[in-house]
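Novice: Reminder that position 60 of the sequence shown reads as 731 in my numbering, one-by-one numbering, no gaps. Cβ atoms here follow ideal geometry from the backbone N, Cα and C, with glycine treated the same way. Quick one: the structure is below, and I'll ask about it shortly.
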Amino acid sequence: MALLLGTYPGKDGTDPAPLRASAVYLSPVPHLGGPMSDTLAMCYPEEGALLRLEEVFSATLARINSLVLQPLLSAGPEPPDARGRECLQLLQQLHRSSQQLWEVTEESLHSLQERLRHPDSVGLETLLLLRGADHVLQVHMEYIESYTSCMVVQAFRKAAKRRSEYWRGQRKVLRQLLLDVSSEGATGPVLVQALHQPLARHVQQYVLLLLSLGDTIEEHHPARELVVHAATLFGNLQSFMRQALDQAVATQALWATLSSRLRDVLCSPAHRLLQDSQDVAVMVSPLRAERVLLFDDALVLLQGHHAHTFDLKLVWVDPGQDGCTFQVLTPEEEFSFCAKDPQGQVVWQWKVTQAVRQALRGKKDFPVLGAGPEPPEPPACRCLAYTFHVEGRLCQATYEGEWCQGRPHGKGTLKWPDGQNHVGDFCQGLEHGFGIRLVPQATEDKFDCYKCHWREGSMCGYGICEYSTNEVYKGYFQAGLRHGFGVLEGAPHTPLPYKYTGHWERGQRSGYGIGEDGDRGERYIGMWQADQRHGLGVVVTQAGVCYQGFFQADKMVGPGVLLSEDDSLYEGTFTRDLSLVGKGKVTFPNGFTLEGSFSSGAGSGLQTQGVLDTAALPPDPSSTRKRQLGLGAFPVGSRWQGVYGPFRDFVRAGCPGDLQEALLGFHTQSSRMLRKSQEYLCCERAHPEDSRDSIEDILEELLRHRKPEALQQYLRKALSNSLHPLGKLLRTLLLTFQATYAGIGANKHLQGLAQEEVKQHAQELWAAYRGLLQIALQRKGQALEEEEEAETRDLQVHGLVLPLMLSSFYPELFTLYLLLHEREDSLYSQGITNLSFFPDTKLLEFLDVQKHLWPLKDLTLTTNQRYSLVRDKCFLSATECLQKIITTVDPREKLEALERTYGEIEATVSRVLGREHKLPMDDLLPLLIYVVSRARIQHLGAEIHLIRDMMDPMNTGGLYDFLLTALESCYEHIQKEDMRLHHLPSRWDSRDPW
């Protein structure tokens, strides 16, 4: 006989299927027939008991569904208040959990039936209770969680109150489900028992039967471990159920002790009370809380009608020192918990610690609080989000990222309500390390973007800032202000474009710097103070005019020098807008001088009263046409200390990888690209390689390349690598060089400044290499190298570093030499053109080369040729050697080409004479002029000057110096007027064979 006790809908939403209870059967399932009875002897007795247990529990769940849950859910229309709707949702969740519990019970029942029908083919390990014990356990725990959530907010009492008459009529039926329940009393507690007691009994029977089965089966049975595991799980489930029920009862009782205002704030189905200061007293300072409540997800401090709630995920516990006190840290506050005795302190500290750990874990400890595989202490470092509320710079800002001991620490993102964002590294609650900050402006879609290194909450170190005005600053900061070397550049297409490259102090231009005013076509090179030109300075205009003088408050004051494009020189005083005024002297290119008083009025032009001297000799070019400005005014060693300084700091600090970008710079995308792609949230630079690892590799490689040949190869590679510290330093120095001498700054009067600057950079690069070498040796525990002598250092600078780095500066530097020698090179070029009309023999004769030195055998002729008609055949090898002087930028290689040229001339003469012959200067000079004229090297004057400036001082007075002097003499001879005009070849007899 079977009873129809209730229905559950199918898993797929089909019509309900009737459930039949087997609780009335007294013998082992005799209704299954003979074959089943025969197989029972092949199974363990506990399997039959488990079958009956599952049948009874399945039927009980069906009855609970029909007698309790369905009436609770159909208690009338949807409640109008939020609390009522919350209770209804909790009951619906309980109903779903109950259904899942019934479904897993049915699956377990089915697996038991299959096992008992086919014991020979279906093993014990196929039982759902064994192979799926974790899944069955999870379904039970979800039901318990739903059930206790309803208990916490008294959902059963509230729902039963709406249908009190119905429940009074159902008490007799409910008593059939329960043990030791009186027919008197409120309906709410009866419903609580009806939804919990059958499950508790069922789990208890699980444990007993599984333990018995574990004792029965053989030790080596393949299912034994599964049985032991299942018994342990369901044994722990009993403890979990008892704790969950105790916490729910304590939480439900708590609400009655609170005011309605606090109850409305704190009453939540997710809360479970773990500890109350009314049970174990504790005092909290400095807040002086009247009551402390520890829930499983929050710490609550009650003060009057106010509740201060702290998310346990953002709570850190710091053990105290005196045995009765411990500290609690939160993102915005710190509290001291003081118990009456050490035992109370232990209770509170342990429970808070375990509650924090459980909250971070994201699920309840199993079987009880404090149990589980995780470490007993919660991690000090976490990754969470929090919105700040206390007044201050972070008020209303939301931080999402890594924390440590209550402070943002590690990588994270700060977002303010006004749209301001900061993403990057934090340390102890402050921005520290690389970070990107976007600051929106009033104009729509306009923002300032700061990509900088930060220290203790302020920009410090290298940064790139792109402003909403389209200005860009690239340089160094200190305490949030521009400080050190930096470049500020205005938008290129604005009406007033400008650029400043130089030093800053506390947010203002101060020290040596280059200011370019694109609107006026001027470039200022000199000293600054408080954002204004102040001190000695040079102004170069796009028209080629140069001024040098003293500036005060952005205006020139006192005496100065003006060099015009036509090489006129003015020495005297100026107005604040650089107009001639007062006493002065003008020296014209032809040597005339005008000395007197000058003035200029609106619309009247320049006026003067003075003496014009027309008898003076032409001026010395070094004082007018080739006059160099700025020399001595700006000591070369102090011009770019803001560039050298950070590298020295980097070396002095031991080359730490985490400071490499802050001190040496980096490159990132533009802020528009960052904003468009949202990549600023990733806080990546253009080269995200780990700088700590890269500096280690750099130092390792440096030690492997200390020999001269390997060192040259290493330095060449380092200087060409934008990630290498030496390469970064070179690029910054090149930036300053181009800012000074390219464009408007390409002026012949600045050549002296430029060439000494290049040589100073070479010295600094060598010093930088030596600094890196000392750090590499120190890290390896090797002996440091001794201080270099000046002679050794100069040899390395001019022989090794300067040739390697010169190619980077060569375009701008050589342009200055070209401009300086423009007039001489023009005369030289005309002389070369005139000499090119000479055939070889005529030119040798014209240059007074002795005929016995002529290489006539090199003039291979056809029957229609004469010696007098052949060109470019004599001394051909020497000519080709000399032409190589323009194929390299290395001064040493240029001098070597000149030396080979001399060697080829002597070799040719020796071949002609049939013996080795050393040419005296009287014979060498004409032959060298011949070779130079045939080599046709353009801008030879600029080449010679650059070689002399850049060659190793050790070569002074040696062979290279002698050959260079000889080449200068040739250059000067070719320029001479009489050679160009008076000695041009007249008609000669083409039949003359010479």
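Within the present structure, is the beta-carbon of Val793 separated from the nearest heavy atom of the ligand COA by less than 7 Å?
Specialist: The ligand COA is absent from the structure shown, which contains no ligand whatsoever.
Novice: Alpha carbon to alpha carbon, how far is Ser1129 from Thr1212? Give it in angstroms, no decimals.
Specialist: As a first step, residue 1212 is located in the sequence shown; it is residue number 541 there, counting from the start. As a first step, residue 1129 is located in the sequence shown; it is residue number 458 there, counting from the start. Spanning the two alpha carbons is a distance of roughly 39 Å.
Novice: For Trp1021 and Ser948, I'd like the C-alpha separation in whole angstroms.
Specialist: Residue 1021 sits at position 350 when you count from the first residue of the sequence shown. Residue 948 sits at position 277 when you count from the first residue of the sequence shown. Linking Trp1021 to Ser948 through their CA atoms gives a straight-line distance of about 14 Å.
Novice: If contacts are defined as beta-carbon pairs under 8 Å, then Asp1496 and Gly1612 qualify, I think. What distance do you get, rounded to the angstrom?
Specialist: As a working mapping, residue 1496 is identified with position 825 in the sequence shown. As a working mapping, residue 1612 is identified with position 941 in the sequence shown. The beta carbons of Asp1496 and Gly1612 sit about 5 Å from each other, so the pair counts as a contact at 8 Å.
Novice: Alpha carbon to alpha carbon, how far is Tyr1133 from Phe1337? Give it in angstroms, no decimals.
Specialist: As a first step, residue 1337 must be located in the sequence shown, where it is residue number 666. As a first step, residue 1133 must be located in the sequence shown, where it is residue number 462. About 8 Å.
Novice: On a Cα-Cα basis, can you pick out the residue from Val951, Leu964 and Leu881 that is closest to His995?
Specialist: Translated into positions along the sequence shown, residue 995 becomes position 324. Note on identity: in this sequence residue 995 is Cys, with His being the wrong assignment. Out of Val951, Leu964 and Leu881, Val951 has the C-alpha closest to the C-alpha of Cys995.
Novice: Cutting at 8 Å between CB atoms, please list the residues of its own chain near Glu1073, excluding the five before and the five after it.
Specialist: What you label residue 1073 is simply residue 402 of the sequence shown in a count that begins at 1. Cys1052, Arg1053, Cys1054, Pro1079, His1080, Gly1081, Lys1082, Gly1083 and Phe1097, listed in sequence order.
Novice: Indicate the three-state DSSP secondary structure (helix, strand or coil) for Gly1100 in the structure shown.
Specialist: Within the sequence shown, the letter at position 429 stands for residue 1100. Reduced to three states, the DSSP call for Gly1100 is coil.
Novice: Taking only the alpha-carbon atoms, compute the straight-line gap between Thr1258 and Glu1587 and give it to the nearest angstrom.
Specialist: In the sequence shown, residue 1258 corresponds to position 587, counting from 1. In the sequence shown, residue 1587 corresponds to position 916, counting from 1. One C-alpha to the other measures close to 55 Å.
Novice: My parser needs the alpha helix (DSSP H) runs of 4 or more residues fully inside the stretch 1374-1417; what are they?
Specialist: Fully enclosed alpha helix (DSSP H) runs of 4 or longer: 1379-1390 and 1396-1412.
Novice: What number of angstroms, rounded off, separates the C-alpha of Lys1647 from the C-alpha of Ile1503?
Specialist: As a first step, residue 1647 is located in the sequence shown; it is residue number 976 there, counting from the start. As a first step, residue 1503 is located in the sequence shown; it is residue number 832 there, counting from the start. For Lys1647 and Ile1503, the distance between alpha carbons rounds to 11 Å.
Novice: Return the residue from the list Ile1615, Tyr1573, Val1322 and Val793 that minimises the CA-CA distance to Leu1596.
Specialist: As a first step, residue 1596 is located in the sequence shown; it is residue number 925 there, counting from the start. With distances taken between Cα atoms, Leu1596 lies closest to Tyr1573.
Novice: Among Glu749, Gln809 and Leu743, which one has its Cα closest to the Cα of Ser768?
Specialist: What you label residue 768 is simply residue 97 of the sequence shown in a count that begins at 1. Distance from the Cα of Ser768 is smallest, within the candidate group Glu749, Gln809 and Leu743, for Gln809.
Novice: Strictly by DSSP, which residues pair up with Leu1159?
Specialist: Position 488 of the sequence shown, counting from 1, holds the residue named residue 1159. DSSP, once it has assigned bridges, lists Tyr1144 and Tyr1171 as partnering Leu1159.
Novice: Pick out whichever of Met954, Pro1046, Glu1187 and Asp967 has its Cα sitting closest to the Cα of Ala915.
Specialist: As a position in the sequence shown, residue 915 is number 244, starting the count at 1. The option with the nearest alpha carbon to Ala915 is Asp967.
Novice: Quick one: what's got a C-beta closer than 6 Å to Arg932's C-beta in the same chain, skipping five residues either side?
Specialist: Numbered from its first residue, the sequence shown carries residue 932 at position 261. Around Arg932: His976.
Novice: Report, in whole angstroms, the separation of the C-beta atoms of Gly1077 and Leu1000, which I expect to be a contact under 8 Å.
Specialist: On the sequence shown, residue 1077 is found 406 positions in, with the first residue counted as 1. On the sequence shown, residue 1000 is found 329 positions in, with the first residue counted as 1. Contact between Gly1077 and Leu1000 holds: their C-beta atoms lie close to 4 Å from each other, under 8 Å.
Novice: In whole angstroms, what separates the C-alpha of Ala1287 from that of Asn1261?
Specialist: The residue given as residue 1287 occupies position 616 in the sequence shown. The residue given as residue 1261 occupies position 590 in the sequence shown. About 9 Å.
Novice: Would you call the CB atoms of Leu1569 and Leu1635 closer than 8 Å?
Specialist: The residue you call residue 1569 lines up with position 898 of the sequence shown. The residue you call residue 1635 lines up with position 964 of the sequence shown. Cβ distance < 8 Å, so Leu1569 and Leu1635 count as in contact.
Novice: Anyone know if the C-beta pair for Tyr1183 and Leu1159 falls short of 8 Å?
Specialist: As a working mapping, residue 1183 is identified with position 512 in the sequence shown. As a working mapping, residue 1159 is identified with position 488 in the sequence shown. Annotated as distal: Tyr1183 and Leu1159, with beta-carbon spacing of 8 Å or more.
Novice: DSSP on Leu1233, reduced to helix/strand/coil?
Specialist: Along the sequence shown, one-based indexing puts residue 1233 at 562. Strand at Leu1233.
Novice: So for Met1227, helix, strand or coil by DSSP?
Specialist: Position 556 of the sequence shown holds residue 1227. Three-state DSSP puts Met1227 in a strand.
Novice: Which whole-angstrom value is the C-beta distance of Leu1590 and Ile1576, which I expect to be below 8 Å?
Specialist: Along the sequence shown, one-based indexing puts residue 1590 at 919. Along the sequence shown, one-based indexing puts residue 1576 at 905. Going by Cβ atoms, the distance from Leu1590 to Ile1576 rounds to 7 Å, so yes, they are a contact pair.
Novice: Run through DSSP, which three-state label would Lys1082 get?
Specialist: Here residue 1082 refers to the residue found at position 411 of the sequence shown. Strand at Lys1082.
Novice: Going residue by residue through the stretch 701-779, where are the continuous alpha helix (DSSP H) segments of at least 4 residues, counting only ones entirely within it?
Specialist: 705-710, 716-735 and 741-744
Novice: Do you know how far the Cα of Thr980 is from the Cα of Pro990?
Specialist: Along the sequence shown, read from residue 1 onward, the residue named residue 990 stands at position 319. Along the sequence shown, read from residue 1 onward, the residue named residue 980 stands at position 309. Cα to Cα, Pro990 sits roughly 21 Å from Thr980.
Novice: Quick check on DSSP: helix, strand or coil for Trp1311?
Specialist: Here residue 1311 refers to the residue found at position 640 when the sequence shown is read from its first residue. Of the three classes helix, strand and coil, the one that applies to Trp1311 here is coil, per DSSP.
Novice: Are the stretch 1461-1468 and the stretch 1617-1636 touching, with three or more C-beta to C-beta distances below 8 Å?
Specialist: yes
Novice: Taking the straight line between their C-alpha atoms, what separation do you get for Ile1645 and Ala1381?
Specialist: For the purposes of this step, residue 1645 is identified with residue 974 of the sequence shown, where counting begins at 1. For the purposes of this step, residue 1381 is identified with residue 710 of the sequence shown, where counting begins at 1. Roughly 43 Å between the two C-alpha positions.
Novice: In or out: Leu1400 buried (at least 16 other Cβ within 10 Å) or exposed?
Specialist: Mapped onto the sequence shown, residue 1400 falls at position 729. By the 10 Å Cβ count, Leu1400 comes out buried.
Novice: Following the continuous beta strand (DSSP E) through Gln946, name the residue where it begins and the one where it ends.
Specialist: What you label residue 946 is simply residue 275 of the sequence shown in a count that begins at 1. Note, Gln946: beta strand (DSSP E), Leu944 to Asp947.
Novice: Excluding the 5 residues flanking Glu1266 on each side, which residues of the same chain have their C-beta closer than 6 Å to its C-beta?
Specialist: As a position in the sequence shown, residue 1266 is number 595, starting the count at 1. Taken in chain order, the residues that qualify are Lys1256, Gly1281 and Val1282.
Novice: For Leu1240, report the span of its alpha helix (DSSP H) as first-last.
Specialist: Translated into positions along the sequence shown, residue 1240 becomes position 569. That residue, Leu1240, is in no alpha helix (DSSP H); its beta strand (DSSP E) goes Leu1240 to Phe1245.
Novice: Cα separation between Glu1004 and Glu774?
Specialist: Here residue 1004 refers to the residue found at position 333 of the sequence shown. Here residue 774 refers to the residue found at position 103 of the sequence shown. Their backbone Cα atoms lie some 49 Å apart in a straight line.
Novice: My assumption, with CB atoms under 8 Å, is that Leu1515 sits in contact with Tyr1642. Please give the rounded CB distance.
Specialist: Stepping through the sequence shown from its first residue, residue 1515 is reached at position 844. Stepping through the sequence shown from its first residue, residue 1642 is reached at position 971. No, Leu1515 and Tyr1642 are not in contact; Cβ-Cβ is about 19 Å, not under 8 Å.
Novice: Pick helix, strand or coil for Ala1214, following the three-state DSSP scheme.
Specialist: Numbered from its first residue, the sequence shown carries residue 1214 at position 543. It is coil, neither helix nor strand.
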